[in-house]
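K.L.:
Supplied in structure tokens, the structure appears directly below.
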Amino acid sequence: MRSSPVIAIHGGAGTISAASLDASAAQAYHDALRAIVQAGQSLLLKGAPALDAVCLAVEMLEDCPLFNAGHGAVFTAAETHELDAAVMNGADLRAGAVAGVSRIRRPVRAARAVMEEGAHVLLAGAGAEAFAREHGLEMVEPGYFSTEARRAQLHHAKGAKRVLLDHDGAAAAGAPLDEGRKFGTVGAVALDQHGHLAAATSTGGMTNKRVGRIGDSPLIGAGTYADDKRAAVSCTGSGEMFIRAAAAYDVCARMRYAGQSLAQAAQAVVMQSLPAIGGSGGLIAVDRLGNVCMPFNTEGMYRGHARGTDAPQTAIHR
């Protein structure tokens, strides 16, 4: 029995700014989200596996400087870039991830290569980059990821002597979410025609973060998880809290052990478990029946989804 394919993506969560009142200011984000959803949707409608669709979507998000992943990633305290990514295949629970990389153009491709080789789940730093070279992935100079807007955000964070979740203080003209309170992780989840689920997540981390800091995105069960029997989940938010709550896995665990629906499980994690320890952000999830849930406890989250041949829907605020 063939399933109606579903794809959902996110480009970070955050708080509404005054600029968000101008509908035209948000159009670039809506356009980017819509194009990326359509690309993944098109793959799924051709019968491609969910894993291909989520990887394509995240690659496109990594290439878009509007989001904090790949080109346009935020800076560390040392004015460098350290990127993380993960993928997980729900059919067999295979997973792969890379962390702290600065020369792999599309980290999600490296994460998938780690998964497909099968010897390890998570590779970090120079070892992950050597692995990527050995597997023929495109490498770039670290400056490829830099943008002047992100550099200005770093200088603002240094001046404030703070480590900031995504690009604090830039208040780029027309940004529909407050750049000072936006979590820039990107991700995708999908259900394919064959009933299989997959998830992928990628991030540049936090502005002015300590070199070597790793968040939830590349940690299987924290920021990324997929299981055909339950759901596929990708998270965005205060990474340390998502790690402590094992947020992505907890959604599936609640469904498995407590008999909760996807909506009940996702809402409980985002609205109860995370706030209880000071966690902010959200997640996207799709279950084996094609139900989609995208809760967030901030005032906004970049997101989009499509079901079957339906036109993609995108949103930023509630």
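Counting the sequence shown from 1 gives a position; the numbering used here is that position plus 229. Positions of the beta carbon are idealized from the N, C-alpha and C atoms, including for glycine.
For Q256, count neighbouring C-beta atoms within 10 Å of its own C-beta (all shown protein chains included) and say buried if the count is 16 or more, exposed if not.
P.N.:
Label assigned to Q256: exposed.
K.L.:
If we require 3 or more residues per run, which beta strand (DSSP E) segments fall completely within the region 501 to 540?
P.N.:
Counting whole runs of 3 or more residues, the region 501 to 540 contains the beta strand (DSSP E) stretches 510 to 516, 529 to 536.
K.L.:
Roughly how many whole angstroms lie between the Cα atoms of D539 and K387?
P.N.:
Roughly 45 Å between the two C-alpha positions.
K.L.:
Please report the straight-line C-alpha distance between G301 and E291, rounded to a whole angstrom.
P.N.:
C-alpha separation (whole angstroms): 8 Å.
K.L.:
What residue does the alpha helix (DSSP H) around H259 start on, and which one ends it?
P.N.:
Looking at the DSSP string, the run of the alpha helix (DSSP H) that includes H259 is 256 to 274.
K.L.:
Take R341 and list the residues in its own chain whose beta-carbon comes closer than 7 Å to its own, dropping the five residues that flank it on each side.
P.N.:
Contacts found: C284, V316, G325.
K.L.:
Using the three-state DSSP reduction, which class does A212 fall into: helix, strand or coil?
P.N.:
Coverage of the chain is limited to positions 230 through 547, which leaves residue 212 absent and any answer about it impossible.
K.L.:
Straight-line CA distance for R547 to A355?
P.N.:
Straight-line Cα distance between these residues: approximately 41 Å.
K.L.:
Between which residues of its own chain and R338 is the CB-CB distance below 6 Å, once the five residues before and five after are set aside?
P.N.:
Same-chain partners within the cutoff: L366.
K.L.:
May I ask which residues mark the beginning and end of the alpha helix (DSSP H) holding L322?
P.N.:
Here L322 belongs to no alpha helix (DSSP H), and DSSP marks it neither H nor E.
K.L.:
Note down, in chain order, each residue of its chain lying with its Cβ closer than 7 Å to the Cβ of T376, except the 5 sequence neighbours on either side.
P.N.:
Taken in chain order, the residues that qualify are P294, G301.
K.L.:
Taking the Cβ atom as the reference point for each residue, do S233 and G424 lie within a distance shorter than 8 Å?
P.N.:
Going by C-beta atoms, S233 is not nearer than 8 Å to G424.
K.L.:
Under the criterion of a Cβ to heavy atom distance below 7 Å, does V287 qualify as lining the ligand NAD?
P.N.:
Because no ligand of any kind appears in the structure shown, any question about the ligand NAD cannot be addressed here.
K.L.:
When we look at the beta-carbon of D260 and count the other beta-carbons within 10 Å, is it buried (16 or more) or exposed?
P.N.:
Flag for D260 reads exposed.
K.L.:
What's the C-alpha gap between V327 and M368?
P.N.:
Their backbone Cα atoms lie some 14 Å apart in a straight line.
K.L.:
Expressed to the nearest angstrom, what Euclidean distance is found between the alpha-carbon atoms of Y486 and K458?
P.N.:
Taking the straight line from one Cα to the other gives about 12 Å.
K.L.:
Can you give me the C-alpha to C-alpha distance between Q489 and A306, rounded to a whole angstrom?
P.N.:
Those two C-alpha atoms are separated by around 42 Å.
K.L.:
Less than 8 Å between the CB atoms is what I'm expecting for Q542 and G533, so what's the real figure, rounded?
P.N.:
Sure, about 6 Å apart at Cβ, within 8 Å.
K.L.:
How many angstroms separate the CA atom of L273 from the CA atom of E370?
P.N.:
Approximately 33 Å, taken between the alpha carbons.
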